[in-house]
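Asks:
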Amino acid sequence: MSTGAGAILEIDHVDAAYGQAQILFGVSLNLKRGETVALMGRNGAGKSTTLKAVMGLVPARGRAVRFAGHDILGLAPYRIARLGLGYVPEDRRIFTDLTVYENLEVGAKAAIGNGRAAWTPDRLFSIFPNLAEMRGRRASQMSGGEQQMLTIARTLMGNPEAVLLDEPSEGLAPVIVEQMAEAVQRMKAEGIAVLLSEQNLYFAAAVADRSYIIEKGAIRHEGSMAEIQANAALREAYLSV
Amino acid sequence: MPDLSFLLLQTLNGLASASSLFIIAAGLTIVFGVTRIVNFAHGSFYMLGAYFAVTLIPRLFDIDRSFPIFFAGVLLAALGVGLIGVLMELVLLRRIYRVPELFQLLATFGVVLAVEDLVLKIWGPLDILGPRAPGLRHAVEILGHRFPAYELFMIAMGPLVLGLLWLLMHKTRFGVLVRAATQDREMVGALGVNQALLFTGTLFLGAFLAGLGGALQTPKLAANPHMDISIIAEAFVVTVVGGMGSVPGAFLAALIIGQLQAFGILIFPKITLVLVFLLMALVLVLRPWGLLGRPEAGHGRVVLPEGILGLKPFGPAERILTGGLALILVLLPWVGDSYLTKVVIEVLCFALAAFSLNFLIGNGGLVSFGHAAYFGLGAYGAGLLVTRLGVPMEPALLATPVIAGLGAALFGFFVVRLSGIYLAMLTLAFAQITYAVAFQWVEVTGGDNGVVGVWPSRWAASREVYYYIVLLVSAAAILVLRRSIYAPFGYTLRGARDSVVRADAIGIDVRTHRWVAFTVAGAAAGLAGGLFAFAKGSIDPTLISIPMSIDFLVMILVGGIQTVLGPLIGAAFFHSIKDFFMPLTFYWRLLLGLAIIAIVLVFPRGIVGGFESVKARVSRAGARQGGERAGA
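Going line by line, the protein sequences match chains A and B.
Everything in the first sequence is counted per our numbering, starting at 1 for the first residue and increasing by one.
Everything in the second sequence is counted per our numbering, starting at 1001 for the first residue and increasing by one.
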């Protein structure tokens, strides 16, 4: 497996379990600076758990999880976030009692000092014009697609170096999926590394440079998107339902 | 028909008490929203606010006897309590955010007990009346009636505090984070917010509000060492009715309850306490998450204690142990003295009650905070039948499970419609209703003094004979309950405990099963209460009080709720310790409180559970070694 040079995030043999049930078995993968990588697999394969384990949201063990030069395995989620790793959960987890603007405020953190322009609500509103129109509206009154945009914008407010994006296209209408793809490409253009978990091969192919395939809690394959698209046997074995 | 001006005055009275209820409950609801801990010690904060105020304000008056000084004293007292809240967060709460809610509740109740004794030690048992507020000592003429100016000031304080809280919650980053964390604190952490600081700040705010409420009361209500428990029940009702975590909800609920109390006292002077709890029961049944609350989101979900897990029949060691214990119990009146026999009678009664409680909690996952209600119903049922109607002991004892079972069936009908913390609060409310009836219906129940002369029949009057009756009856009842834990009924309850959705999906009528379980547990507790009443010869409201319910919880916690026999051991251990230490020290509540906290922190699986996990660890280690050797 390719390692090391230029990797901002490196997951090294990580196990994770919910109570007695072990979900991840020695997962290893890496994400280079500015790169977009898809973690693909079926329902229950361990995609979301991998991202949660990195973020410290499920108890994980293993050799290490390195992010921007720090070993973050076992750190509290807020410390990991402060190092510059953003997390967008699959079920959005918008604060529905708060306004759009307040949701962004919760995500706000000081920039890491990487020379990039810090995200502000106004800058985000220029990328997500829908959000600008409803900045004072309660998040509970937004559509699912709008909430999905808000959850990404909220994470960007923390000025992350890399973002873990959990199932961004799940349950969204095709037109919204397209907007999501644009949002991911925009992050890439901003130089933010993205690790996204995805079941939808077309979405992954549209945004990702590389892909890992996970099955039963272990990485089974690593390769370029083109390679997976060309390899019918691989898709048959790990991705089709 | 009272005239209109009188009704207006009564409304004003209601508004004044609504204000003070709201200020206290707002703190409780904010703390619950963010930390998900139902903080019993909130009542202690309120009490401390009152004591700080009555100590501080007279000294400040040496500077200048004016209203600003008075108000500064109130704020200083509240500030001091806020700092105590910070201390409690740093020392205790921080360590228990991840333990099951039942244990959190118990730990905060441990703080209540400890603070009560410390207050007694520092300020003594006598009421201390605070100075009246300069400038507000007069009465104002309203439509021909005189109304205290201070009450008008209090009426204004409620909306003022609501307004300030609104500003805090919407215009500051702290407030926005509090509201976000109330909804999904894990996500707030994943966005880079240090929850520890947020929680500490929240505890400061919550304790400050409780202290403020207590300090503001002092010109009207003397500081006394019992004000913690009396306020906490009311504050719970306000937060639950309003929706836990909702500040506007608390305000609305306080308004309603203030008026209910003000007018209830005119119409039903005897049952004002009952009215309030009936309102709560009604609201919870119609809107299980309160007026302005929202249903538990998946992320802040309720953590149940482990409960009874892998059931296995007794092995040889357990059989020998149980047999030996039974033999000792049978021989006890011959080996022990009369005092020991008395203590063991009480232990047996409590053992049955605790066992029936764990039948609900460990087996059914229904965390009841008011199990004393059914114990008390049995005790009062037996006591009143014997003393008021002249019924002999035997039929009276037989009636106790029926009476308590009917009570449990009635209350349980509502209880099983809820889950988690709301369920616990409703059981507490029903227990308080029962307590209020016993306390306020003096003609029948004897009120605070209770009833004496609840003696067994002549043939059973000797302590030894009565001992055997208790032994036989409680052992039989425990065996029946234990049998049903091992029966399909018990498996069904545990299935529903672990996943209501899955149990529903395979066609189990979860509600009915739980209702039956609640009724059976209530009946068993009632039997225990009846046995206890004849042992003591008297009944009084302490048998139904919150501390009694807590005692039962501590017994099963000490014994370990994930084991079948834990509650029995817990009852024996707890009662003998209490019986031994209570006469020796003035500080048994302090000791008990600290012990509860220690158990929650270091021994959350109880005695029997702790023993079993050590056993499991040893055998796992042994297996691993064996495996390695086999592999080598």
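Even for Gly, the Cβ is constructed at its ideal location relative to N, Cα and C.
Using DSSP with H/G/I as helix, E/B as strand and the rest coil, what is Thr36/A?
Replies: As a first step, residue 36/A must be located in the first sequence, where it is residue number 36. In the structure shown, Thr36/A sits in a strand (DSSP, three-state: E or B).
Asks: Check for me: the alpha helix (DSSP H) holding Ile1155/B runs from which residue to which?
Replies: Residue mapping note: residue 1155/B aligns to position 155 of the second sequence, counting from 1. First-last of the alpha helix (DSSP H) with Ile1155/B: Ala1149 to Lys1171.
Asks: Since Val1091/B and Ser1044/B should fall inside the 8 angstroms C-beta cutoff, what is the C-beta to C-beta distance between them, to a whole number of angstroms?
Replies: In the second sequence, the residue the question calls residue 1091/B occupies position 91. In the second sequence, the residue the question calls residue 1044/B occupies position 44. Actually they are not in contact, since the Cβ atoms of Val1091/B and Ser1044/B sit about 14 angstroms apart, beyond 8 angstroms.
Asks: Gly1570/B: which of Val1554/B, Glu1101/B and Thr1512/B sits nearest, CA to CA?
Replies: For the purposes of this step, residue 1570/B is taken as the residue at position 570 of the second sequence. Nearest of Val1554/B, Glu1101/B and Thr1512/B to Gly1570/B, Cα basis: Val1554/B.
Asks: When burial is assigned at 16 or more other CB atoms within 10 Å of the CB, is Asp1448/B buried or exposed?
Replies: The residue labelled residue 1448/B in the question sits at position 448 within the second sequence. With fewer than 16 Cβ atoms within 10 Å of its Cβ, Asp1448/B is classed as exposed.
Asks: Looking at C-beta atoms only, is the number of pairs between the stretch 1002-1010 of chain B and the stretch 1019-1028 of chain B that lie closer than 8 angstroms three or more?
Replies: Touching, no, given that fewer than three Cβ pairs across the two stretches are closer than 8 angstroms.
Asks: Would you mind listing the alpha helix (DSSP H) stretches within the stretch 23-72 of chain A that are 4+ residues and don't spill past its ends, in chain order?
Replies: Complete alpha helix (DSSP H) runs here, min 4: 47-55.
Asks: Ala1404/B and Ala1525/B - do their beta-carbons sit closer together than 8 angstroms?
Replies: Residue mapping note: residue 1525/B aligns to position 525 of the second sequence, counting from 1. Residue mapping note: residue 1404/B aligns to position 404 of the second sequence, counting from 1. It is a contact, given that the beta carbons lie within the stated cut-off.
Asks: Taking only runs of the alpha helix (DSSP H) that begin and end inside the stretch 1100-1154 of chain B, which ones reach a length of at least 4 residues, in chain order?
Replies: Qualifying alpha helix (DSSP H) stretches, in chain order: 1101-1123.
Asks: Helix, strand or coil, according to DSSP, for Arg137/A in the structure here?
Replies: The residue you call residue 137/A lines up with position 137 of the first sequence. In this structure, Arg137/A counts as coil in the three-state DSSP scheme.
Asks: Can you give the beta carbon distance from Ala1487/B to Leu1360/B, rounded, assuming they're within the 8 angstroms contact cut?
Replies: On the second sequence, residue 1487/B is found 487 positions in, with the first residue counted as 1. On the second sequence, residue 1360/B is found 360 positions in, with the first residue counted as 1. So it is not a contact: roughly 16 angstroms between Cβ atoms.
Asks: Which first and last residues belong to the beta strand (DSSP E) in which Leu9/A is found?
Replies: Here the question's residue 9/A lines up with position 9 in the first sequence. Element bounds for Leu9/A: Ala7 to Tyr18.
Asks: Given this structure, state the Cα-to-Cα distance separating Ile1577/B from Ala1190/B, to the nearest angstrom.
Replies: For this step, residue 1577/B is matched to residue 577 along the second sequence. For this step, residue 1190/B is matched to residue 190 along the second sequence. The straight-line gap from Cα to Cα measures roughly 45 angstroms.
Asks: Pro77/A touches chain B at which residues, Cβ-Cβ below 7 angstroms?
Replies: Position 77 of the first sequence holds residue 77/A. Under the 7 angstroms cutoff, chain B gives Gly1189 and Ala1190.
Asks: If I measure Cβ to Cβ from Ser28/A and keep anything under 7 angstroms in the same chain, skipping five residues before and after, which residues do I get?
Replies: As a first step, residue 28/A is located in the first sequence; it is residue number 28 there, counting from the start. Cβ neighbours of Ser28/A beyond the five flanking positions: Met1, Ile11, Asp12, His13 and Ile219.
Asks: Pull out every residue of the stretch 1171-1203 of chain B whose Cβ sits closer than 8 angstroms to any Cβ of chain A, in chain order.
Replies: For the stretch 1171-1203 of chain B, which is checked against every Cβ of chain A, the residues closer than 8 angstroms are Arg1173, Val1176, Leu1177, Arg1179, Ala1180, Thr1182, Gln1183, Asp1184, Glu1186, Met1187, Val1188, Gly1189, Ala1190, Leu1191, Gly1192, Val1193, Asn1194 and Gln1195.
Asks: For Met149/A and Gly217/A, what's the separation of their Cα atoms in angstroms?
Replies: In the first sequence, counting from the first residue as 1, residue 149/A sits at position 149. In the first sequence, counting from the first residue as 1, residue 217/A sits at position 217. Rounded to the nearest angstrom, the two C-alpha atoms are 29 angstroms apart.
Asks: For the stretch 1572-1588 of chain B and the stretch 1474-1493 of chain B, state whether three or more C-beta atom pairs, one from each stretch, are separated by less than 8 angstroms.
Replies: No, the stretch 1572-1588 of chain B does not touch the stretch 1474-1493 of chain B.
Asks: From this set, Asp122/A, Ser169/A and Leu57/A, which residue's C-alpha is nearest Leu156/A's C-alpha?
Replies: The residue given as residue 156/A occupies position 156 in the first sequence. Of the listed residues, the one whose Cα sits closest to Leu156/A is Asp122/A.
Asks: Could you give the distance in angstroms between the alpha-carbon of Thr1387/B and the alpha-carbon of Gly1450/B?
Replies: By one-based count along the second sequence, residue 1387/B stands at place 387. By one-based count along the second sequence, residue 1450/B stands at place 450. Computed Cα separation, rounded: 11 angstroms.
Asks: For Leu1385/B, which residues from the same chain have a beta carbon less than 7 angstroms from its beta carbon, with the 5 sequence-adjacent residues on both sides left out?
Replies: For the purposes of this step, residue 1385/B is taken as the residue at position 385 of the second sequence. Val1391, Ala1396 and Ala1399.
Asks: Under the rule that 16 or more other beta-carbon atoms within 10 Å means buried, what is Lys109/A, buried or exposed?
Replies: Reading the first sequence from its first residue, position 109 is the one you call residue 109/A. By the 10 Å Cβ count, Lys109/A comes out buried.
Asks: Could you tell me whether the stretch 180-198 of chain A touches the stretch 40-59 of chain A, where touching means 3 or more Cβ pairs closer than 8 angstroms?
Replies: Output reads yes: the stretch 40-59 of chain A touches the stretch 180-198 of chain A.
Asks: On a CA-only basis, which of Pro1583/B, Leu1557/B and Ile1561/B is nearest Ala1595/B? Give me that one, please.
Replies: By one-based count along the second sequence, residue 1595/B stands at place 595. When each option's Cα is compared against that of Ala1595/B, the closest is Leu1557/B.
Asks: Output the distance between the C-alpha atoms of Ala1077/B and Leu1056/B, rounded to the nearest integer angstrom.
Replies: Locating residue 1077/B in the second sequence gives position 77, counting from the first residue. Locating residue 1056/B in the second sequence gives position 56, counting from the first residue. Those two C-alpha atoms are separated by around 7 angstroms.
Asks: Across which residues does DSSP place Thr99/A in a beta bridge pair?
Replies: Sequence index remark: in the first sequence, residue 99/A carries index 99 (1-based). According to DSSP, which records beta bridges pairwise, Thr99/A is partnered with Arg138/A.
Asks: So, is the C-beta of Thr96/A closer than 8 angstroms to a C-beta in chain B?
Replies: As a working mapping, residue 96/A is identified with position 96 in the first sequence. With 8 angstroms as the cut-off, Thr96/A counts as an interface residue toward chain B.
Asks: For Val14/A, decide whether its Cβ has a neighbour in chain B, counting only Cβ atoms nearer than 8 angstroms.
Replies: Residue 14/A sits at position 14 when you count from the first residue of the first sequence. It does not; no Cβ of chain B falls within 8 angstroms.
Asks: Less than 8 angstroms between the C-beta atoms of Val88/A and Val207/A, yes or no?
Replies: Locating residue 88/A in the first sequence gives position 88, where the first residue counts as 1. Locating residue 207/A in the first sequence gives position 207, where the first residue counts as 1. No, these two residues do not count as a Cβ contact at 8 angstroms.
Asks: Taking the CB atoms as reference points, tell me whether Met1280/B and Val1240/B lie closer together than 8 angstroms.
Replies: Walking along the second sequence from the start, residue 1280/B turns up at place 280. Walking along the second sequence from the start, residue 1240/B turns up at place 240. Contact: yes.
Asks: Can you check which of these residues, Ala1372/B, Leu1273/B, Met1169/B and Val1444/B, is closest to Ser1246/B by C-alpha distance?
Replies: Taking the second sequence and counting its residues from 1, one reaches residue 1246/B at position 246. Ser1246/B has its Cα closest to that of Met1169/B, out of Ala1372/B, Leu1273/B, Met1169/B and Val1444/B.
Asks: Going by Cα to Cα distance, which pick from Trp1459/B, Pro1567/B, Pro1100/B and Met1047/B is closest to Arg1036/B?
Replies: Here residue 1036/B corresponds to residue number 36 of the second sequence, with the count starting at 1. Of the candidates Trp1459/B, Pro1567/B, Pro1100/B and Met1047/B, the one whose C-alpha sits nearest the C-alpha of Arg1036/B is Pro1100/B.
Asks: Cβ closer than 8 angstroms: which chain B residues qualify as neighbours of Lys32/A?
Replies: Taking the first residue of the first sequence as 1, we reach residue 32/A at position 32. Result: empty, since nearest Cβ-Cβ is about 23 angstroms, beyond 8 angstroms.
Asks: Thinking C-beta only, is Trp1123/B closer than 8 angstroms to Tyr1051/B?
Replies: Position 51 of the second sequence, counted from the first residue, corresponds to residue 1051/B. Position 123 of the second sequence, counted from the first residue, corresponds to residue 1123/B. Yes, the Cβ-Cβ distance between Tyr1051/B and Trp1123/B is below 8 angstroms.
Asks: Which word fits Val54/A, buried or exposed, when buried means at least 16 other C-beta atoms lie within 10 angstroms of its C-beta?
Replies: The residue given as residue 54/A occupies position 54 in the first sequence. With 16 or more other Cβ atoms within 10 Å, it is buried.
Asks: Excluding sequence positions up to five away, which residues of its chain have a Cβ less than 7 angstroms from the Cβ of Phe1071/B?
Replies: Position 71 of the second sequence, counting from 1, holds the residue named residue 1071/B. Excluding positions up to five away in sequence, the list is empty.
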